[in-house]
Every structure is written in structure tokens, then in C-alpha cells.
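A.B. asks: This is the structure, below, for whatever I ask next.
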Amino acid sequence: MTLHDIAPTRRAFLAGAGLVIGVAIAPRFVAAAPTGVAAGGPGELKAMNAFVKIGTDDTVTVLCKHIEFGQGPFTGLATLVAEELDADWGQMRAVHSPTDNKIYANLAFGLQGTGGSSSIANAYEQMRKAGATARAMLVAAAAEEWNVPAQEITVEKGRIRHAASGKESGFGAFADKAAKQAAPADPKLKDPKDFVLIGTDLPKLDTRGKTDGTAIFTLDIVPDGLLTAVVAHPRHFGAVVKSFDDTDARKVRGVVDVKQVPQGVAVIADNTFSALKGRDALKIKWDLSKAETRSSAELAAEYVRHFDKPGLEAAKTGDVDAAFRQQGLETVEAQIVFPFLAHAPMEPLDAVFIKAADGSVDIYNGAQFPGFDQQVAAKILSLDETKVRVNTQLAGGSFGRKAQFGSPYMQEAASVYAASGGDRPLKHMWTREDDIQGGFYRPMYAHKMRGAIDAGGRITAWEQVIVGQSIMAKADLDQTSVEGASNLPYQIPNLKVTSHNITLPIPPLWWRSVGHTHTGFAVETFVDELLTRVGRDPVEGRLALLDKTSRHAGVLRKAAEMSDWGASIEEGRARGVAVVESFGSFVAQVAEISVGADGAPRVHKVWCAVDCGVAVNPNIIKAQMEGGIGYGLGAVLFDAVTLGKGGKIMQSNFHDYRSIRINEMPEVAVEIIRSKEKPTGVGEPGVPPIGPAVANAWRKLTGAPVRQLPIVSVVSS
Amino acid sequence: MVTFMLNGKQSTFDGDPETPLLWVIRDFEKLTGTKYGCGVAQCGACTVHLDGMPRRSCITPVAMIDGSDVVTIEGLSGKEAEAVQAAWNGLDVPQCGYCQSGQIMSAVALLQMVPSPTDDDIDGAMTGNICRCATYHRIRAAIHDAAKSMEG
Numbered sequence: 001m002t003l004h005d006i007a008p009t010r011r012a013f014l015a016g017a018g019l020v021i022g023v024a025i026a027p028r029f030v031a032a033a034p035t036g037v038a039a040g041g042p043g044e045l046k047a048m049n050a051f052v053k054i055g056t057d058d059t060v061t062v063l064c065k066h067i068e069f070g071q072g073p074f075t076g077l078a079t080l081v082a083e084e085l086d087a088d089w090g091q092m093r094a095v096h097s098p099t100d101n102k103i104y105a106n107l108a109f110g111l112q113g114t115g116g117s118s119s120i121a122n123a124y125e126q127m128r129k130a131g132a133t134a135r136a137m138l139v140a141a142a143a144e145e146w147n148v149p150a151q152e153i154t155v156e157k158g159r160i161r162h163a164a165s166g167k168e169s170g171f172g173a174f175a176d177k178a179a180k181q182a183a184p185a186d187p188k189l190k191d192p193k194d195f196v197l198i199g200t201d202l203p204k205l206d207t208r209g210k211t212d213g214t215a216i217f218t219l220d221i222v223p224d225g226l227l228t229a230v231v232a233h234p235r236h237f238g239a240v241v242k243s244f245d246d247t248d249a250r251k252v253r254g255v256v257d258v259k260q261v262p263q264g265v266a267v268i269a270d271n272t273f274s275a276l277k278g279r280d281a282l283k284i285k286w287d288l289s290k291a292e293t294r295s296s297a298e299l300a301a302e303y304v305r306h307f308d309k310p311g312l313e314a315a316k317t318g319d320v321d322a323a324f325r326q327q328g329l330e331t332v333e334a335q336i337v338f339p340f341l342a343h344a345p346m347e348p349l350d351a352v353f354i355k356a357a358d359g360s361v362d363i364y365n366g367a368q369f370p371g372f373d374q375q376v377a378a379k380i381l382s383l384d385e386t387k388v389r390v391n392t393q394l395a396g397g398s399f400g401r402k403a404q405f406g407s408p409y410m411q412e413a414a415s416v417y418a419a420s421g422g423d424r425p426l427k428h429m430w431t432r433e434d435d436i437q438g439g440f441y442r443p444m445y446a447h448k449m450r451g452a453i454d455a456g457g458r459i460t461a462w463e464q465v466i467v468g469q470s471i472m473a474k475a476d477l478d479q480t481s482v483e484g485a486s487n488l489p490y491q492i493p494n495l496k497v498t499s500h501n502i503t504l505p506i507p508p509l510w511w512r513s514v515g516h517t518h519t520g521f522a523v524e525t526f527v528d529e530l531l532t533r534v535g536r537d538p539v540e541g542r543l544a545l546l547d548k549t550s551r552h553a554g555v556l557r558k559a560a561e562m563s564d565w566g567a568s569i570e571e572g573r574a575r576g577v578a579v580v581e582s583f584g585s586f587v588a589q590v591a592e593i594s595v596g597a598d599g600a601p602r603v604h605k606v607w608c609a610v611d612c613g614v615a616v617n618p619n620i621i622k623a624q625m626e627g628g629i630g631y632g633l634g635a636v637l638f639d640a641v642t643l644g645k646g647g648k649i650m651q652s653n654f655h656d657y658r659s660i661r662i663n664e665m666p667e668v669a670v671e672i673i674r675s676k677e678k679p680t681g682v683g684e685p686g687v688p689p690i691g692p693a694v695a696n697a698w699r700k701l702t703g704a705p706v707r708q709l710p711i712v713s714v715v716s717s
Numbered sequence: 718m719v720t721f722m723l724n725g726k727q728s729t730f731d732g733d734p735e736t737p738l739l740w741v742i743r744d745f746e747k748l749t750g751t752k753y754g755c756g757v758a759q760c761g762a763c764t765v766h767l768d769g770m771p772r773r774s775c776i777t778p779v780a781m782i783d784g785s786d787v788v789t790i791e792g793l794s795g796k797e798a799e800a801v802q803a804a805w806n807g808l809d810v811p812q813c814g815y816c817q818s819g820q821i822m823s824a825v826a827l828l829q830m831v832p833s834p835t836d837d838d839i840d841g842a843m844t845g846n847i848c849r850c851a852t853y854h855r856i857r858a859a860i861h862d863a864a865k866s867m868e869g
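These protein sequence lines are chains X and A, in that order. Under the working numbering, the first residue of the first sequence is numbered 1, with each subsequent residue one higher. Under the working numbering, the first residue of the second sequence is numbered 718, with each subsequent residue one higher.
Next up, the structure:
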């Protein structure tokens, strides 16, 4: 996501030796030690700086300021440290850092947080400096101990050596002494040509625990005496509790209490099943007076009424209105409607609260903006912020869901914990139904596109109107609504992009790749249609509209080459292409499809070329492309959260909010462009091109353009 | 009172007999490798082996498993399990990792029944396991790798 409204700050302070890091000690009654608490290697750990600890057992533990939910920051940030520390990969560990909006700030945001595919991009130099600092301190300690000049000491694969005297040691022996050295103010970083770890497929640090069941997620924290709570939520957005009868709920064995909270009615129980059974037994009357009662179809009709009204200007080049008045033009028009999308991470939202003996509270959760979670919980629990520790846990996905201003999920969880009295540890969890019906969706959008082709077959004008909710809750132009459209990469002399902000009681949120989820689809399907009209090949025609030296052109050429674009393919199949830049990374994809047995597109293979600057871990980049393609494809083919008549949410679980499954996953081939540009992110940029690549192939195969998503809503029987 | 074998040890449960096996395993036995994802047998994150067959523990009332043998990811053993876990590690299959216990339980059960599965066999056995990170591409490759390693 692009956190436009958060002012970036100067580079966060790289703390030196002696910094005391507030790593909490696991309370004795936490059965499974939460990952944010068990700090890396088993030995005694010495802090070199805020990000690096070295154990007496030679382990190096990186305190990762970004949440690990599959996109790879544990491995990526540890690689950056290890490279400059000259560590051996086998000695590296990673854990989540404590919460601190200054020390652990995302340098792109100015506060601690993960998003916008920014982890590697913002931490690239910072983590390398953290490694180089620790290396210098180890060398200084060895020089002192061995009584030799520091510049004669070498470090390689975790071994410190002095050739002349034959002395050699691991890191652990000097951990204590190194921690007491002064940190160099500006440690020298390696020339990229000397990298030995960056650019290699190092195995991921978090894989093993995720293959033997030992990785601990928030839901897995089960301290003795734990209460589990679920909240009954309305099926209409904006509805509130009018009255409720908890007589039957309280009769359920294991139910401890029932409490009304601002978000609904909480059932607090001794175990999860009792809480769920108790919730099912509640009788609640909802007040719908302020609720959204329009259906999705009614909302869409309302959205398209904005198309011809003056909107907020997002881009203006040349004179579109004059260009459309030219004689002898062919005009092409398209309207596309995009549905609400739930993120549906595998682990629904959850949090565990444990009160310490001094009245302070530890919170364990998949905190994407941990500082916001801390502020919100402290306020609701009437505690000073220093008395609330947010311990970030591995999370079972997010895709944007856990990055929320004002932490509305934490407001609910903390309200339930407060209502429980707080004396026993409490886990608050959402079920899948809460997740699918919980709002904070990728908003619904409607696009109107208009293009002009002159008598010479040139595309002379492009007009795009985008209608939908402002994710940033802005009254004026929201860049997240128009990104990818307002900076159209194609050279068209007359361009006009406008937007309209719609206000609804349905809370909006960024969803993996944010504005590009819809602008990428609209732009890349529309340019494809225009190219068809002028009789040009989709690849060659795009290249003609792009700067030849651009990175857009580079990935497009590569994807075409990988797929042998233009070669004859199997009967009954067609190929489509799309290229999208998002978050500074460039991705082109070619999709080969046929019509599946259900009448919907069957995607056989995807060729993907990505340019994300310096590739820190090529294997993780490939994995993110593969995953982004699957995530984006599932949504484009199958998914919509819809409001039925009267505004009731129609979907509830994976049977009607489908996820792509293994039999629907295409074969994927990924190539990474070799680049010396600064590294940019890969968590999101794999998503935007797949939808339009498939839709373009579909139009080629069937003649029908995709004007409404998901595709199954218009094509399958 | 329900009595069953859990990872080779006898276990008893005397709570609500309707309690799904998933919550017995997680809340009472504190074995947390088996995950909750949907509660309605749509995602497979809760997959365990019940008398040697893959089973969605989220819709299996504990009363139904009296006298049965339950194996979770924590109790997994044998050559198929070793091959699958080694292949998963070798290809760095997991992303967020939350669904992977269920994926591995399904994959091990598949290889126990079909030592050299085809792509169609894999589709048949693994379609019930959702991965929102869409690691499917690597899951398929890892199952083939595991099968090959067992041939040797």
C-alpha cells in the first residue's frame, strides 16, 4: 500500500551498543513460547545494536521490524545483516522485534509497519549497516583481545581470523566484549560485486517450523487458564445491537460470561467450542436504522451515475475533450464493475491478552501496524502505552487485512478483554464467517474508459473515470484510487483521468496491490482492446506505446521471449498479456487459457517476468510471483462479496467465497531481470497483471471482453 | 467419556461430546500444529489422520472417534512423512505456513496410498486443502519430489 498520508521521517536511528531492548520474558504459564518472546538462539544473547544480537553459542539473531506472514522478511532482512557481518547462513536466526515506532520504524512510513511491498526496499541499507556495525564491533573486540591491529583481521563465514598470528574464533566468544565496543558512526558497506549472500537462493529461516507444526501463530498461544471469546456481529454494515437475550447462551457448558461490546455481543468461554456454541445460542435484535440497505446491484447503478459528472482530476495531458471532437475518429468505450473483495487470510484475525503481575499487559497478535495496536489497546484498557507490550507473532497471511489505521480489529479485541475483567488470559478470535463478513474489503469500483483512434490508426486520446470508496477516507483525490491509471505508462497525447469518492458504511481497506487491483485490470484490458481495433499485436503494440528503454518494456520483452509469444499454440487455447508497475516493481505476465468444463477460463500456464532491482533472494521473489498470480487469479475468476436485497451480506465461508485450489493453479515460470537498481518489493506486484492477462486471452478466445468481475459471474452456466 | 489414541498415547475427553476433534486437540491437548481455517471442512487446515485416513477434524465430533487412532502433524512419522517434510523443506514450500500442516497431512496420506501419484492423483487428494498464499505450484512439485525420493 502507499501510505500517502504518513509523512516519511528521516532515517530511523540505528541504535548502538548498550541499548536495552525491551524483549519481554515469557510468562511461565504460556505453554508454547510465543515467537516474539523466545529470542533466537538458545545461548545468552548480546545486543550489538537494535537489530542484531550475537549469542555465546555463535548464533546471530536478527530482530525483524517487519511482520513475517509469508512474504519473507525474516530471511530477507537476515540476509542483509549476514552479508555485511560476513556470517555463515547456518548461524542466522530471526525473530520479530519489539514494538517501537521510532527504532523499528518502516523508513518509508515513519512508523513501525509492514506494507506497500516496502520491507526490503526500506531496510536494504539500514540492515546492511546493522550488520556492518556488528562486524566492526566484533573485529574491534578481537583486535583488543589478540592485541593485533584491527585492519589485519578478516571475517568470513562466521569465523574471525588473524592470519599473521594464526588466531581464529567464532563470533560467540567475542559477543560480550563486542557489545561493549563503540559502534562505528558510519560503517563501510560492501561493493555489490563482493556480495556472497545477497542474490543467492538461501533457504528460508522460517520453513522448518512450518513443516513440522512447531511454528507458533497467535491462535496457537494457549496459556493455562485461557479464556476464549468470539463476538456475534451483524449481517448488515452499520447495524448495531438493539437488544439481546443470552439466556440460552449462558446455559452452554463452558460459557463464562456474555458482554455487549461496541462491535456486537461477546461470548467468553473456557474453550473455543463453548464460545462458538454460546454465540450460536444468542438471540440478538439488530438496529438497522443506520445500516447500508442497498444491494450490490443498486450500488453499482449508483456508481455509474457518477460517470458523466465532473470528478477529481488525477491526470491531464493535452486536451482530451478537443481530441474526441476530431472528425473521422473511431471511439471505443468500456465500463467495468469490480466487486468488494475479502482478503481471507488463512488465519482469521485473533489476539491474546495476558496480564502481568504488575498490571501491565502483553498482547500477542499478527501486528502489521504494532504501534497503532499498542495505542488503541492502551486507551481501551486505560493503561499507559508503556504498560502495553505488543508482541508481533507469525501471521497466517494478511494480504493487507492486518494493516489498519486506528486498529479497528484491536478495538474489538481489547474491548472484549476489558469486558472480561482481564484477570484471566484471553484469546479473542474471529471465525471464517466473521472474516468474510467483516468488511474492510477491497472496495467496489466502477471504471468508464473511452479511447479515440484517428484515421491513421493512432490512439490519440484516453479518458478514464474511476468511481469508488476512498481507502484513505479522503474528500479530495485519493491516490490509492487512481494509481496505475493516473500514471499511465503508454504514450498517448491526450490523457484525462478523474475519480469520484463514494461514502458507504462498509469499511474499505487496501487489498494486496491496492489500487492496481482494479486500475491494472482496466488499463491493461482497455489498451488491449484498442490495439485489437488498430490491428496491432498485443506485445508489439504495447512496446510501440512505451519508451523503448523503460523497465515496462524490459519485462514485457522478457515475458514474450519466455513464452515464445507468437508461436502457434494448441487448438482451443489463447494467450493474453499484461504489464503493470506497482510499488516500484515491474511485472509482465503471459497467460495461456482455454474454456474450462464449467464454461469459465481454465488457465494452463503463466510466464512471468519481474524487475525489482537488486534481487536479494531470487527464490523468494519467484515464490511471491507464483503466490501473487494464484491470489490474483482466484479473485478475478471467482470472488465477490455481494450485498443482497436489503443490504444483507451474501457470502460467509469458503464454499461461497471461493479460494483458488490446487487443480485450478496454473503452471508458473518466473524470470527475474538482472538489475543494479535499488531493490523494490515483490509481495504485491505479482498480483495486478494476471487478471487482465487472462481477460485478454478470454477476449481473444471467445470474442467477449470481461466487463464485470469475477469472471464466473458472467461466463459460467 | 471418549477414549482415543493421540500420536501413540492414550487420551481421554469428558467434555461436551459434540466438541469437534480440532478443538479437543488444540484447546485441551494443546497440540497446536493442527489449524482452524473455516470450521466447515472447506479448507483442510485441520486435517489429521484418523485410523490412517485423512480427516477434517473441524467437523468431526469427538464422540465419533471413541476407540480410534488419531495422528496429528506432531505425531507424524514413517518414510512418507520424512520424504514429504524433506521435499517441503527442499523447495521452501511454505509462505505464511498456516495451512501447511494440513497440506502435509494430506500429502503424506496420498503417498501412503499412492506411492507415485500422477498430477490427477495430486489434484484429487489435495483439492480440499486451501492455501491462500497459493503455494500450490510448489506443493505439487514437492509431492513429486517426495515420491521420487522414496523410489531410491
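We treat Cβ as the ideally placed atom computed from N, Cα and C, and that holds for glycine.
Name the chain A residues whose beta carbon is nearer than 9 Å to that of Y631 of chain X?
C.D. replies: Neighbours of Y631 of chain X on chain A, chain order: R849, C850, A851.
A.B. asks: For a test of the three-state rule: what should DSSP assign to A136 of chain X, helix, strand or coil?
C.D. replies: Helix.
A.B. asks: Verify whether the separation of the beta carbon atoms of A121 of chain X and G439 of chain X is less than 8 Å.
C.D. replies: Going by C-beta atoms, A121 of chain X is not nearer than 8 Å to G439 of chain X.
A.B. asks: Can you look up Q374 of chain X in the DSSP assignment and give me helix, strand or coil?
C.D. replies: Helix.
A.B. asks: Look up I847 of chain A in the DSSP assignment and say whether it is helix, strand or coil.
C.D. replies: Of the three classes helix, strand and coil, the one that applies to I847 of chain A here is coil, per DSSP.
A.B. asks: Round the Cβ separation of Y409 of chain X and V641 of chain X to the nearest angstrom and send it over; I've been treating them as touching at under 8 Å.
C.D. replies: 17 Å between Cβ atoms; not a contact.
A.B. asks: Kindly indicate if chain X contains any beta-carbon less than 8 Å away from that of I782 of chain A.
C.D. replies: No, because no Cβ of chain X sits closer than 8 Å to the Cβ of I782 of chain A.
A.B. asks: At a CB distance below 7 Å, what residues from the stretch 604-620 of chain X approach chain A? Give them in sequence order.
C.D. replies: Answer set for the stretch 604-620 of chain X: N619.
A.B. asks: I need the DSSP call for K752 of chain A, collapsed to helix, strand or coil.
C.D. replies: The answer is coil: DSSP assigns K752 of chain A none of H, G, I, E or B.
A.B. asks: By the 9 Å beta-carbon criterion, what residues does the stretch 746-778 of chain A contribute toward chain X?
C.D. replies: Under the 9 Å Cβ criterion, the stretch 746-778 of chain A contributes K747, L748, T749, G750, T751, K752, Y753, G754, C755, G756, V757, Q759, C760, A762.
A.B. asks: Count the other C-beta atoms from every protein chain shown that fall within 10 angstroms of the C-beta of Q718 of chain X, then say buried if there are 16 or more, exposed otherwise.
C.D. replies: The requested residue 718 of chain X does not occur in the structure, where chain X is confined to residues 1 to 717.
A.B. asks: Determine the chain X residues that contact I839 of chain A at a beta-carbon separation under 8 Å, and present them in chain order.
C.D. replies: Under the 8 Å cutoff, chain X gives I662.
A.B. asks: When the Cα of K242 of chain X is compared with those of X:P203, X:L394, X:G264, X:G172, which residue comes out closest?
C.D. replies: Here the closest residue by C-alpha is X:G264.
A.B. asks: Take every Cβ of the stretch 650-670 of chain X, pair it with every Cβ of the stretch 628-638 of chain X, and state whether three or more of those distances are shorter than 8 Å.
C.D. replies: Touching, per the Cβ criterion.
A.B. asks: Could you say which of X:S594, X:L312, X:Q708 lies nearest to Y445 of chain X if we only look at CA atoms?
C.D. replies: Ranking X:S594, X:L312, X:Q708 by Cα distance to Y445 of chain X puts X:Q708 first.
A.B. asks: I want to know whether the stretch 578-594 of chain X touches the stretch 681-690 of chain X - three or more CB-CB distances under 8 Å.
C.D. replies: Touching, yes, given that three or more Cβ pairs across the two stretches are closer than 8 Å.
A.B. asks: Roughly how many whole angstroms lie between the Cα atoms of N271 of chain X and G681 of chain X?
C.D. replies: About 40 Å.
A.B. asks: So with Cβ pairs under 8 Å, would you call Q829 of chain A a contact of chain X?
C.D. replies: Not one chain X Cβ lies under 8 Å of Q829 of chain A.
A.B. asks: Would you kindly work out how many angstroms separate the C-alpha atoms of A315 of chain X and T498 of chain X, rounded to a whole number?
C.D. replies: Straight-line Cα distance between these residues: approximately 7 Å.
A.B. asks: Which residues, taken in chain order from the stretch 345-363 of chain X, show a beta carbon closer than 7 Å to some beta carbon of chain A?
C.D. replies: So the list reads P345, M346, E347, given in the order they occur along the chain.
A.B. asks: Count the other C-beta atoms from every protein chain shown that fall within 10 angstroms of the C-beta of P149 of chain X, then say buried if there are 16 or more, exposed otherwise.
C.D. replies: Exposed, because fewer than 16 other Cβ atoms sit within 10 Å of the Cβ of P149 of chain X.
A.B. asks: Return yes when the Cβ of A485 of chain X is within less than 8 Å of the Cβ of V523 of chain X, no when it is not.
C.D. replies: Yes, these two residues count as a Cβ contact at 8 Å.
A.B. asks: What's the call for Q491 of chain X, buried or exposed, on a 16-neighbour Cβ count within 10 Å?
C.D. replies: Per the 10 Å Cβ criterion, exposed.
A.B. asks: Going by DSSP, what residue range makes up the alpha helix (DSSP H) through T517 of chain X?
C.D. replies: 516-533 is the extent of the alpha helix (DSSP H) around T517 of chain X.
A.B. asks: Does the beta-carbon of D220 of chain X have 16 or more other beta-carbons within 10 angstroms, so that it is buried, or is it exposed?
C.D. replies: So D220 of chain X ends up on the buried side.
A.B. asks: Counting only beta-carbon separations shorter than 8 Å, does M718 of chain A have a partner in chain X?
C.D. replies: For M718 of chain A, the answer is no, since every Cβ of chain X falls outside 8 Å of its Cβ.
A.B. asks: Quick one: which chain X residues come within Cβ less than 7 Å of M843 of chain A?
C.D. replies: Those within 7 Å of M843 of chain A in chain X are I662.
A.B. asks: Say whether chain A places a C-beta atom closer than 8 Å to the C-beta of R253 of chain X.
C.D. replies: Closer than 8 Å: yes.
A.B. asks: Where does D245 of chain X fall in DSSP's three states?
C.D. replies: DSSP places D245 of chain X in strand when its eight states are reduced to three.
A.B. asks: From the beta carbon of N653 of chain X, is the nearest beta carbon of chain A less than 8 Å away?
C.D. replies: Yes, because at least one Cβ of chain A sits closer than 8 Å to the Cβ of N653 of chain X.
A.B. asks: Using a Cβ-Cβ distance under 8 Å, would H854 of chain A count as near chain X?
C.D. replies: Output row for H854 of chain A: interface = yes.
A.B. asks: Quick check on V803 of chain X: buried or exposed, where buried means 16 or more other Cβ atoms within 10 Å of its Cβ?
C.D. replies: The first residue shown for chain X is 1 and the last is 717, placing residue 803 of chain X beyond what the model contains.
A.B. asks: So which of A:I839, A:R849, A:C848 has the shortest CA-CA distance to A864 of chain A?
C.D. replies: Ranking A:I839, A:R849, A:C848 by Cα distance to A864 of chain A puts A:I839 first.
A.B. asks: Taking the alpha carbon of T386 of chain X as the point to measure from, which residue in X:A367, X:R432, X:S360 has its own alpha carbon closest?
C.D. replies: Answer by Cα proximity: X:S360.
A.B. asks: Do the CB positions of F273 of chain X and D733 of chain A come within less than 8 Å of each other?
C.D. replies: Contact: yes.
A.B. asks: Considering only residues of the stretch 343-411 of chain X, which uninterrupted alpha helix (DSSP H) runs meet the minimum length of 4 residues and lie entirely inside it, listed in chain order?
C.D. replies: You should have 370-380.
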